[in-house]
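Residue numbers (UniProt numbering): 1 to 49.
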């Protein structure tokens, strides 16, 4: 497996959610819910290279 496919698998496992972008890249995200009612969304965008 080449490095791009390896990284893609790692990102899919870590983030769990993603969108395909028009330029061939992806936007990964996951959400964290806090005990006090707050929430945070972590986003990572990668290009097709």
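Beta carbons: idealized from backbone N, C-alpha and C, even for Gly.
Predicted model only: the values in this text are computed from it and were never measured.
Check	Outcome
Reducing DSSP to helix, strand and coil, say where residue 36 ends up.	coil
Going by alpha carbons, who is nearest to residue 14 out of 37, 47 and 31?	31
Got a sec? Which residues, its chain only, sit under 8 Å from residue 20 by beta carbon, not counting five neighbours each side?	26
Just curious, the alpha helix (DSSP H) that residue 11 is in, first and last residue?	3 to 15
Beta carbon of residue 44, beta carbon of residue 28: below 7 Å?	yes
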